[in-house]
Amino acid sequence: MPEDEPIALEDQSDATPAPAARSPILAKIKILLFVVAVVGGECLVAYLCVPSESQTAAMAGAVLGGNVPSEPPPAEEPAPEEEEEAADQVEVDLEEYDVTSFQPASNTTLRISFHLWGTVALKDEDRLYELLQGNKNRLREQILVTIRSADVTDLTEPGLGLVKRRILEKANQTLGEPLLRTIIFSDFSSIEQ
13 MPEDEPIALE DQSDATPAPA ARSPILAKIK ILLFVVAVVG GECLVAYLCV PSESQTAAMA
73 GAVLGGNVPS EPPPAEEPAP EEEEEAADQV EVDLEEYDVT SFQPASNTTL RISFHLWGTV
133 ALKDEDRLYE LLQGNKNRLR EQILVTIRSA DVTDLTEPGL GLVKRRILEK ANQTLGEPLL
193 RTIIFSDFSS IEQ
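The numbering used here runs 12 ahead of the 1-based position in the sequence shown.
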C-alpha cells in the first residue's frame, strides 16, 4: 500500500494545476462578455432614445413654427439657363501681382506671385472696364490687403477657394456693382523663406 499512496499524491498534484490554468482564461472571457453586454445595452438604449429623421424634422418644425420642409430638397442639377449664362461670360485681366508678406508667428516671409482674372457677363463687360479704369488702384490695394491677410493654410489650399471668395467680395464692393462673377488665379506660386 505504501506504493499506492505516492501514486495518489501524484494524481492529485496533476489534477490541481488544470483548474488553476483555466481560471485566468475564464476570468478574461467573463470580462469580455461583460464588456460586450454593456456596449450592446448602450447601443440598444441609444437606438430606442434617439429620434428618427422624420421625428427630428417634426420637432424642429414645432420649434421654428413649421417652416422646416418634411423632406430634404433634391440635389440641384445645373439648369440649362445657368449653362447658357456660363457661355455668355468673358474673362477680364485683373493684372499680375507680386506680394511679399511677413508672417510674424513663424518668423518667415512669403513671396506670392500670380496673375488674376475675373469673369463677367458679356453684356456687363463694357461697364466693368469703365469701373476698372476709375477704381484701378483701389482694387489693386484691396487685392493686396486680402492676400497679405490670408493665412498660410488658405494660400496652400489647392483650389484657393477662400481667397477667391474674399477677393471677389472685395472687388465687387470696390467697384460698387456685383459685376464680377468668379475669380481665376493663373500662374500662382507661393514661396516661404
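The C-beta atom is built at its ideal place from N, Cα and C for all residues, glycine as well.
query: Looking only at its own chain, which residues have a Cβ that is under 6 Å from the Cβ of Ala-162, when we skip the five neighbours before and after it?; result: Val-175
query: Start and end of the alpha helix (DSSP H) containing Leu-174?; result: 173-187
query: Should the stretch 198-205 be regarded as contacting the stretch 118-127, the criterion being three or more beta carbon pairs within less than 8 Å?; result: yes
query: Assuming Asn-184 contacts Leu-172 under a Cβ cut-off of 8 Å, what Cβ separation, rounded to an integer in Å, is found between them?; result: Between Leu-172 and Asn-184 the Cβ distance is about 18 Å, and since that is not below 8 Å, they are no contact.
query: Helix, strand or coil for Gln-154? Go by DSSP, reduced to three states.; result: helix
query: Taking 8 Å as the limit between beta carbons, can you name the residues of its chain near Val-164, skipping five residues before and five after?; result: Gln-115, Ser-118, Leu-122, Glu-204
query: Does Thr-194 come out as helix, strand or coil in the three-state DSSP assignment?; result: strand
query: By the three-class DSSP mapping on this structure, what secondary structure does Ile-124 have?; result: strand
query: What distance in whole Å lies between the Cβ atoms of Arg-152 and Glu-189, which are believed to be in contact at a cut-off of 8 Å?; result: Actually they do not touch by this definition, with Cβ atoms about 18 Å apart.
query: Between which two residues does the alpha helix (DSSP H) containing Glu-137 stretch?; result: 137-146
query: Buried or exposed: which applies to Leu-143, given that a residue is buried once 16 or more other Cβ atoms fall within 10 Å of its Cβ?; result: buried
query: Is it true that the CB of Thr-131 sits closer than 8 Å to the CB of Val-102?; result: yes
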